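S.K.:
2 protein chains.
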Amino acid sequence: MAEKPSGGPEAASNRSADIVAAAARADELCDAAFAGDRRALARLLTAVENRTPVAEAALRRLHSQAGHAQLVGITGPPGAGKSTLVAALIAELRRAGRPVAVVAVDPSSPITGGAVLGDRVRMQAYASDDGVFIRSMASRGHSGGLASTTASAAAVFDAAGFDVVLIETVGTGQSEVEVAATADTTVVVEAPEMGDEIQAIKAGLLEVADIVVVNKGDLPGSHRTAAQLRAMLSDAPDRAPRQGFPPPKSPDVLLVSAATGAGVAELLAAIDRHRLSSVAALNSDARLRRAEAQVWAVLADRLRSRIRALEEAGDNADATLLEAVAAHDLDPFEAADRLISRLTGE
Amino acid sequence: MAEKPSGGPEAASNRSADIVAAAARADELCDAAFAGDRRALARLLTAVENRTPVAEAALRRLHSQAGHAQLVGITGPPGAGKSTLVAALIAELRRAGRPVAVVAVDPSSPITGGAVLGDRVRMQAYASDDGVFIRSMASRGHSGGLASTTASAAAVFDAAGFDVVLIETVGTGQSEVEVAATADTTVVVEAPEMGDEIQAIKAGLLEVADIVVVNKGDLPGSHRTAAQLRAMLSDAPDRAPRQGFPPPKSPDVLLVSAATGAGVAELLAAIDRHRLSSVAALNSDARLRRAEAQVWAVLADRLRSRIRALEEAGDNADATLLEAVAAHDLDPFEAADRLISRLTGE
Chain A
22 MAEKPSGGPE AASNRSADIV AAAARADELC DAAFAGDRRA LARLLTAVEN
72 RTPVAEAALR RLHSQAGHAQ LVGITGPPGA GKSTLVAALI AELRRAGRPV
122 AVVAVDPSSP ITGGAVLGDR VRMQAYASDD GVFIRSMASR GHSGGLASTT
172 ASAAAVFDAA GFDVVLIETV GTGQSEVEVA ATADTTVVVE APEMGDEIQA
222 IKAGLLEVAD IVVVNKGDLP GSHRTAAQLR AMLSDAPDRA PRQGFPPPKS
272 PDVLLVSAAT GAGVAELLAA IDRHRLSSVA ALNSDARLRR AEAQVWAVLA
322 DRLRSRIRAL EEAGDNADAT LLEAVAAHDL DPFEAADRLI SRLTGE
Chain B
22 MAEKPSGGPE AASNRSADIV AAAARADELC DAAFAGDRRA LARLLTAVEN
72 RTPVAEAALR RLHSQAGHAQ LVGITGPPGA GKSTLVAALI AELRRAGRPV
122 AVVAVDPSSP ITGGAVLGDR VRMQAYASDD GVFIRSMASR GHSGGLASTT
172 ASAAAVFDAA GFDVVLIETV GTGQSEVEVA ATADTTVVVE APEMGDEIQA
222 IKAGLLEVAD IVVVNKGDLP GSHRTAAQLR AMLSDAPDRA PRQGFPPPKS
272 PDVLLVSAAT GAGVAELLAA IDRHRLSSVA ALNSDARLRR AEAQVWAVLA
322 DRLRSRIRAL EEAGDNADAT LLEAVAAHDL DPFEAADRLI SRLTGE
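Chains as they are written, first to last, in this note's numbering: chain A, 22 to 367; chain B, 22 to 367.
1. Which whole-angstrom value describes the C-beta separation of B/Val-124 and B/Thr-171, a residue pair presumed to lie in contact below a C-beta threshold of 8 Å?
2. Since A/Ser-157 and A/Leu-80 are thought to touch, with beta carbons under 8 Å apart, how far apart are those beta carbons, to the nearest angstrom?
3. Please report whether the beta-carbon of A/Arg-36 lies at a distance below 8 Å from any beta-carbon of chain B.
4. Kindly indicate the opening and closing residues of the beta strand (DSSP E) around B/Ala-159.
5. For the segment 56-72 of chain B, which residues have a CB atom closer than 8 Å to at least one CB atom of chain A, in sequence order?
6. For B/Gln-86, report the span of its beta strand (DSSP E) as first-last.
7. With DSSP run on the structure shown, which of helix, strand or coil describes B/Thr-341?
8. Any C-beta of chain A within less than 9 Å: which residues of the segment 337-364 of chain B qualify?
9. Which residue comes first and which comes last in the beta strand (DSSP E) that contains B/Val-209?
10. Below 8 Å on the Cβ atoms is my guess for B/Gly-102 versus B/Ala-212; work out the distance and round it to an integer in Å.
11. Given a threshold of 16 other Cβ atoms within 10 Å of its Cβ, counted over all protein chains shown, does B/Arg-311 qualify as buried or as exposed?
12. Here's a check: name, in chain order, each residue in its chain whose Cβ is nearer than 8 Å to the Cβ of B/Ala-286, leaving out the five neighbours to either side.
13. For a contact meaning CB atoms closer than 9 Å, what does A/Leu-331 contact in chain B?
14. A/Asn-236: buried (16+ other C-beta within 10 angstroms of its C-beta) or exposed?
15. Against A/Glu-313, what residues of chain B qualify as contacts under a CB-to-CB distance less than 7 Å, listed in chain order?
16. Looking at the structure shown, is B/Thr-73 part of a helix, part of a strand, or coil, going by DSSP?
17. So, with DSSP's three-state summary, where would you put A/Val-229?
18. So B/Glu-77 contacts chain A; which residues on that side make the cut at Cβ distance below 8 Å?
19. Compute the Euclidean distance between the alpha carbons of A/Val-277 and A/Ala-146, then round it to the nearest angstrom.
20. Which chain A residues are close to B/Arg-323, counting only those with a beta carbon under 8 Å from its beta carbon?
21. Residues in the same chain with beta-carbon distance under 7 Å from A/Thr-16, minus the five sequence neighbours each way, listed in chain order, please.
22. From what residue to what residue does the alpha helix (DSSP H) around B/Val-191 run?
23. Closer than 7 Å by beta-carbon distance: list the chain B residues that pair up with A/Ala-87, in chain order.
24. Please list, in chain order, the chain B residues whose beta carbon lies closer than 8 Å to that of A/Leu-240.
25. Which same chain residues, not among the five before or five after B/Ile-150, have their C-beta less than 8 Å away from its C-beta?
26. As a quick exercise: from A/Ala-43, A/Thr-341 and A/Leu-250, pick the residue whose alpha carbon is nearest that of B/Glu-313.
27. According to DSSP, is B/Thr-281 helix, strand or coil?
28. B/Pro-241: buried (16+ other C-beta within 10 angstroms of its C-beta) or exposed?
29. Can you give me, in chain order, the residues of the segment 114-126 of chain B that have a beta carbon less than 9 Å from any beta carbon in chain A?
30. Within this structure, are the beta carbons of B/Thr-207 and B/Asp-231 separated by less than 8 Å?
31. If you draw a straight line from the alpha carbon of A/Arg-329 to that of A/Ala-117, how long is it in whole angstroms?
32. Check whether the segment 32-44 of chain B touches the segment 344-362 of chain A, taking contact to mean three or more Cβ pairs, one atom from each stretch, closer than 8 Å.
33. Could you tell me whether the Cβ of A/Ala-33 comes closer than 8 Å to any Cβ of chain B?
34. Do the segment 173-189 of chain B and the segment 59-74 of chain B meet, that is, are 3 or more Cβ pairs less than 8 Å apart?
35. Suppose you measure from the CA of B/Ala-87 to the CA of A/Ile-292; what does that come to, to the nearest Å?
36. Determine whether the beta carbon atoms of A/Val-93 and A/Asp-205 lie at a separation below 8 Å.
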C-alpha cells in the first residue's frame with residue numbers, strides 16, 4: 022500500500038476510502054476466484070505481481086485459508102528440460118485428479134513480449150481443464166524480492182484450492198535459486214553430460230535440492246551423470262547449514278525422461294514422500310524462510326515509503342543523501358544511520 | 022556491525038572497544054593494501070564479503086577516496102564466453118599499462134570447493150602482475166544483497182587505484198543482471214545462434230546493455246546474430262524506463278572474437294567512449310542505483326538487528342511472529358506492521 026506523506030484530514034479520508042475500496046474489490050475477486058472464476062484468479066495474480074492495495078487486502082484475507090498446498094520448486098540450468106518435466110508432472114497429477122497450478126518465473130522480458138518457450142505450447146492442452154492453471158511471472162522489477170512475490174502468488178493458488186503448486190525457475194541466479202529453495206520441496210533438474218560451466222552451476226544448485234532429477238534419462242551418459250551426482254552429494258560431508266538455506270540432507274537422485282514419461286510417476290511419488298516427511302511439515306525451515314521473505318518484503322516496502330515521505334517532508338538537503346553517497350561525499354553507513362535516526366525519531 | 026540487544030555499561034564499553042579495534046585493523050589493512058600489499062587487499066575483500074565490522078570501518082574510510090575507477094559489468098548467458106572476453110580485456114588494458122581488477126561473481130558453491138572454470142587458468146599468467154587483481158565471489162549468502170556486496174568490493178579496488186573494475190556475472194538471474202546493471206557501463210555478451218531458451222534470456226538482458234558483444238565473431242552465424250540483435254533493439258520503441266533500470270538507450274552491437282583478440286581493442290574503445298559520455302558521469306543513474314543498493318543494504322542490516330533485539334528483549338510471544346505467519350495464524354502485513362510499531366515506538 023503506497024503510504025503518502027501525511028496530509029490534511031481530507032487526504033486521510035481519501036486514503037481510508039481507497040483502503041475500503043481495495044478491500045471490497047479484493048473480496049469480490051477472492052470470492053469469484055475461489056468459486057472457480059479463472060479470470061478473477063488471473064486478476065488477483067496480476068495484482069499480486071504489481072503489489073497493489075488490492076493484492077494486500079486479498080493476501081491478508083486469504084492467508085488463513087492457505088497452507089494446505091504442496092509448493093514444489095523445479096529449478097535447474099537452461100536446457101535441462103524443466104518445462105518438459107513440468108508438463109509431464111501436470112499430466113501425472115491430472116491422471117490422479119489432483120488440481121495443479123504452475124508459477125513459471127520467466128527470464129524473458131515483457132519488453133519483447135516474452136519469448137514463447139516450446140513447452141508452453143504443450144501446456145495449451147490444458148486450456149480447458151479447470152484443474153490446471155499456469156502463470157508466467159517476469160523475473161524482474163519485484164521491489165520486494167522475487168521470493169516474496171512468488172510466495173504470494175503460491176498463496177493465492179493455495180487458498181484457491183490447488184493441491185500442488187509447481188514453481189519453475191531457471192536455476193542459474195541467486196534470486197531464482199532462492200525462490201525454488203523457499204518451496205516445501207525443491208527439485209533440481211539436470212541434463213546428462215553438460216559442459217564445465219554448467220557443472221559449476223550444478224554445484225551451487227545441489228545445496229538446495231531435496232530431490233535431484235537427471236532428465237533425458239534415455240540419453241547416453243545419463244547413468245554416468247546420476248552416478249557423478251550421487252558421488253558429489255556423498256563427497257560433501259561438510260554440507261553445513263548456511264544462512265537462508267535448509268540444513269544438510271541427502272537428496273534422492275532419480276533418472277527421468279520427461280519426454281517419454283519414464284520415471285515421472287516415481288518422481289511424483291518421491292515428491293509426495295517428501296511432503297509427508299518432517300522437512301515439509303508446517304513450520305519447517307522452508308515455511309519459516311518463506312514467511313520471513315514475505316514479512317521482510319512488506320516491512321521493506323513500508324520503510325521505504327516512510328523514508329521517502331520523511332525526505333520529502335524534510336528540508337531539501339535530506340533529499341540528496343543518495344546523491345551525496347553517489348558523489349562520494351558521504352559514506353553509505355552514515356547515510357543509513359541518518360535515515361534510521363529520522364525514522365525512529367532518535 | 023552486529024548490534025546486540027542493549028546490555029549494561031560493561032557490554033556498551035565492550036562494544037566501543039570492538040569498534041575501536043575494528044577501525045584500527047581497517048586502517049592497517051587499507052594502508053597496506055593501498056601501498057600495494059596484495060594479501061592485505063585480499064583480506065579487505067574477504068571482510069567485505071563477510072560484512073564484518075572491519076569491512077564497515079574500511080568502507081567508511083575509503084568511500085571518499087573511491088569514485089575514480091570505471092566499473093564495467095560483463096554479463097551474458099552461460100557459454101557466451103564471458104571469461105574469455107574478460108581475459109582478452111585484461112590483456113588489452115595491460116598493453117596500455119592500465120591497472121585492472123576483476124570481481125567474478127561465481128555461480129559455483131564453496132561447498133564443492135568451487136569448480137574451476139577453464140579461463141581462470143589463463144588468468145594465472147597475471148599472478149605476478151601487480152596491475153591485475155582477480156577476485157571470485159560466491160553468488161549466495163549475501164544478506165544485504167549481491168549488488169551491495171559487489172559494489173563494496175568494487176569500491177575497495179577503486180580506492181586502491183585500479184583504473185577499471187570488471188564485474189563478471191552469469192546473466193541469467195535477477196540478482197546477477199542487477200549487479201551488472203549497477204556498473205557504470207554494462208556489456209552484455211552473446212554467442213552466435215543459441216537455442217530458444219537462451220533467446221528468452223537474451224531479451225531480458227538487452228534491457229540493461231550499454232554495449233552488446235556478439236562473441237565468437239569468427240563463427241558462422243555471428244553476423245546474422247548481430248543483425249538480429251540490432252533489429253531487436255530497434256524494434257523496441259517502447260523501451261520505457263523501469264524501476265531500478267536505466268533509461269532507454271540504443272546500445273552498440275559489436276562483433277568480437279575474444280579467443281583470437283579480433284575486435285577487443287574496438288570494444289575497449291567503446292567502453293572508454295561510454296565512460297566519457299553523460300550516462301557514465303558522476304551522479305549518473307547507475308551511480309545513484311549503486312549508492313541506493315549500498316545504503317539500503319546497511320539500513321536493512323541495522324533494522325534486522327534492531328528488530329531481532331526487540332524480539333529478544335520483548336515477551337516470548339514476540340519471538341514467534343514469523344512462526345505465526347508460517348502457521349497461517351497471522352498475515353505477513355500484520356506481522357510487518359507490528360514490527361514497525363515496535364521499531365518506531367508508535
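Positions of the beta carbon are idealized from the N, C-alpha and C atoms, including for glycine.
Since the structure is predicted, the reported quantities are computational estimates derived from the model, not experimental observations.
M.R.: Quick answer:
1. 6 Å
2. Not confirmed; about 20 Å, so no contact.
3. It does not: the Cβ of A/Arg-36 has no partner Cβ on chain B nearer than 8 Å.
4. 153-159
5. none
6. No beta strand (DSSP E) contains B/Gln-86, which DSSP labels as neither H nor E.
7. coil
8. Leu-342, Leu-343, Glu-344, Ala-345, Val-346, Ala-347, Ala-348, His-349, Asp-350, Leu-351, Asp-352, Pro-353, Phe-354, Glu-355, Ala-356, Ala-357, Asp-358, Leu-360, Ile-361 and Leu-364
9. Per DSSP, B/Val-209 belongs to the beta strand (DSSP E) from 206-211.
10. Contact flag correct, Cβ pair sits at about 6 Å.
11. buried
12. Glu-113
13. What A/Leu-331 touches in chain B: nothing, since even the nearest Cβ is about 11 Å away.
14. buried
15. Leu-343
16. coil
17. coil
18. Phe-354
19. 22 Å
20. Ala-357, Asp-358 and Ile-361
21. Residue 16 of chain A falls outside the range modelled here, since chain A spans only 22 to 367, and no answer is possible.
22. Taken as a continuous stretch (DSSP letters only), B/Val-191 belongs to no alpha helix (DSSP H), being part of the beta strand (DSSP E) at 185-191.
23. His-349
24. At a C-beta separation below 8 Å, A/Leu-240 has no neighbours in chain B, since its nearest C-beta there lies roughly 16 Å away.
25. For the sequence presented, residue 150 of chain B should be read as Asp rather than Ile. Answer for B/Asp-150: Arg-115, listed in chain order.
26. A/Thr-341
27. coil
28. Burial call: exposed.
29. Val-126
30. yes
31. 51 Å
32. no
33. no
34. yes
35. 51 Å
36. yes
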